[in-house]
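Following: one structure in structure tokens, then a few remarks.
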Amino acid sequence: MILGRTERGMPPVEPVTLKILVAGGFGVGKTTLVGAVSEIRPLRTEESLTEAGRPVDDISGVEGKNTTTVAMDFGRITLREDLVLYLFGTPGQERFWFMWDELSEGALGAVVLADTRRLEDCFAAVDYFERRSIPFVVGVNCFEGASRYPAEAVRQALDLDEDVPVLLCDARDRETVKEVLIGVVQHAMEYAADRREAVTG
Amino acid sequence: MSVDGQGRSHWFDDEAGPVVRPYAMTRGRTTSPAQHRLDLIAVVVTEPDAGDPETDPTLSPEHVEIVGLCRTAPQSVAELATELDLPIGVVRVLIGDLVHAELVHVTRPVPPAELPDESILRDVINGLRAL
Ligand SMILES: Nc1nc2c(ncn2[C@@H]2O[C@H](COP(=O)(O)OP(=O)(O)OP(=O)(O)O)[C@@H](O)[C@H]2O)c(=O)[nH]1
Ligand SMILES: [Mg+2]
């Protein structure tokens with residue numbers, strides 16, 4: 029038997045990769061949530077200023093600069109050597125929404141984080157995922173002092189479909205965040221099953 | 004030898020801003036002819052028979068670093084961007100060059116809708132529970 033290159037050991041494993049998006053209004057706990065379950069790192073992308081709407085940075089002194097940097101939260105959860113789940117925290121400001129299209133393409137599903145004190149902040153995200161038929165769950169981040177709405181009240185206020193799970197969580201707490209992510213995967217499975225049924229029967 | 008954090012900080016200095024130099028590195032290209040937009044979670048794998056990229060004068064230290072990183076452990080486009088601390092657009096161009104030079108290949112992710120069955124998603128759920 030020729031050993032050759034295998035002297036170095038097994039060929040490296042190419043993992044199956046999946047992604048879940050984390051969306052929601054400004055300051056609702058997206059970064060906290062991603063950090064609770066994964067090693068979090070900022071991911072930079074550069075977008076042209078025309079696309080991004082208007083310059084955010086002081087661009088004087090950097091001649092010819094016509095792009096702006098947008099940072100996203102990015103987390104990796106290694107489930108197995110050959111199975112990796114990535115989390116992408118979508119930038120909140122509406123003028124960066126064009127980036128969502130790329131992020132949401134091929135996504136397994138999404139978490140829309142909501143703060144009951146300002147539920148309206150997540151309307152846009154709910155709308156976005158509904159329109160694109162991306163399975164999502166609503167995670168109600170239970171900030172202290174915020175009145176604890178029952179999940180049903182949140183569902184009504186957001187005018188959610190029956191089948192969209194509403195889960196209470198604390199974005200700082202790993203266990204509750206795990207439950208939210210599991211909720212996304214389960215919902216994605218049901219969603220796929222329903223679609224298959226719709227196609228075949 | 005791959006470029007470490009120290010080496011990188013010589014390559015870019017923060018004061019110049021993150022924009023101008025990275026694109027200088029890609030010679031101003033924002034897209035590479037070989038690759039249209041690589042998916043953020045597409046996995047880059049170093050070809051087993053890729054030689055020593057350092058001997059190729061057309062490659063930058065960042066190219067060399069990608070080849071090294073993806074030899075030990077194949078990784079996603081997004082991870083490479085964070086690892087090299089470069090914007091995604093720049094990393095896409097660099098990966099395109101490496102694909103062209105046949106030093107790496109890229110495995111596109113399977114869209115969830117095309118997963119053959121539910122077993123992978125069950126594995127994800129079990130994996131999350133076990134975290
Ligand atoms: N009490 C409490 N505080 C929280 C919780 N989640 C987040 N926070 C705090 O709320 C603040 C905002 O959280 P972030 O995670 O930065 O929110 P974000 O959605 O990433 O914010 P932007 O990226 O600015 O839109 C931080 O100070 C967190 O520590 C929570 O569940 N309970
Ligand atoms: Mg944040």
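These protein sequences, in sequence, are chains P and R.
Position one of the first sequence corresponds to residue 29 (our numbering), numbered consecutively onward.
Position one of the second sequence corresponds to residue 4 (our numbering), numbered consecutively onward.
C-beta atoms are modelled at their ideal positions from N, C-alpha and C, and glycine is treated no differently.
Nothing here was measured: the structure is a model prediction, and the numbers come from that model.
Go to P/T228, then tell me how far its alpha helix (DSSP H) extends in each direction, as first and last residue.
R202 to T228
Best match in R/P90, R/L101 and R/V113 for proximity to R/V70 [C-alpha to C-alpha]
R/L101
Excluding five sequence neighbours on each side, which residues of the same chain lie with their C-beta closer than 8 Å to the C-beta of R/D42?
V80, R111 and P112
Unbroken beta strand (DSSP E) run spanning P/Y114, endpoints:
L111 to G117
My output table needs one value for P/A181: the three-state DSSP class, helix, strand or coil.
helix
Who are the neighbours of R/A53 on chain P, taking C-beta pairs under 9 Å?
Under the 9 Å cutoff, chain P gives no residues; its nearest Cβ is about 11 Å from R/A53.
Determine the direct distance from the alpha carbon of P/G117 to that of P/Y177, and round the result to whole angstroms.
25 Å
Cβ neighbours of P/L196 in the same chain (closer than 6 Å, five flanking residues each side left out):
V168 and C170
Three-state secondary structure assigned by DSSP to P/I68:
strand
For P/A153, collect the residues of the same chain with a Cβ closer than 7 Å to its Cβ; drop the 5 residues on either side in sequence, then sort them by chain order.
A51, G52 and V140
Is the closest heavy atom of ligand 1 to the C-beta of P/K58 under 6 Å?
yes
To be precise: take each residue of the stretch 208–219 of chain P, compare its Cβ to all Cβ atoms of chain R, and keep it if any distance is under 7 Å. Which residues remain?
L209, I210, V213, Q214, A216 and M217
Return the CA-CA distance between R/L89 and P/L71, expressed in angstroms with no decimal places.
8 Å
Just to confirm my understanding: we take P/A216, look at its own chain, exclude 5 residues before and 5 after, and list those with CB closer than 7 Å. What are they?
L136, G137 and P163
Which residue's Cα is closest to the Cα of P/E218: R/D120, R/E86, R/H66 and R/A76?
R/D120
Mapping DSSP to helix, strand and coil, what is P/L131?
helix
Taking 7 Å as the CB-CB limit, is P/T118 close to chain R?
no
Start and end of the alpha helix (DSSP H) containing R/G99?
I91 to H103
R/V107 and R/V47 closer than 7 Å at C-beta:
yes
Since P/F151 sits in a beta bridge, which residues does DSSP pair it with?
Looking at the DSSP assignment, P/F151 forms no beta bridge with any residue, so it has no partner.
To the nearest angstrom, how far is it from the Cα of R/H66 to the Cα of R/V127?
32 Å
DSSP on P/F101, reduced to helix/strand/coil?
Residue identity differs from the one stated: residue 101 of chain P is Asp in this sequence, not Phe. Residue state, collapsed to three classes: strand.
From this set, P/R202, P/V212 and P/A220, which residue's C-alpha is nearest P/V65's C-alpha?
P/R202
Can the beta-carbon of R/I91 be found closer than 7 Å to that of P/T73?
yes
At the 7 Å Cβ level, is P/R146 part of the contact set with chain R, yes or no?
no
Selected residue, minimal CA-CA separation from R/L131, among P/L107, P/T96, P/A226 and P/T59:
P/L107
I need the DSSP call for R/G54, collapsed to helix, strand or coil.
coil
Step through the CB atoms of chain R and report whether any lies within less than 7 Å of the CB of P/G134.
yes
DSSP three-state label for R/Q38, please.
Only weak support is given to the placement of R/Q38: the predicted model assigns it a pLDDT of 44, under 50, and the value that follows is read from those uncertain coordinates. It is a strand residue.
Near P/D110, what residues of its chain come up, given a Cβ to Cβ distance below 7 Å and the 5 sequence neighbours on each side ignored?
V41, P43 and V44
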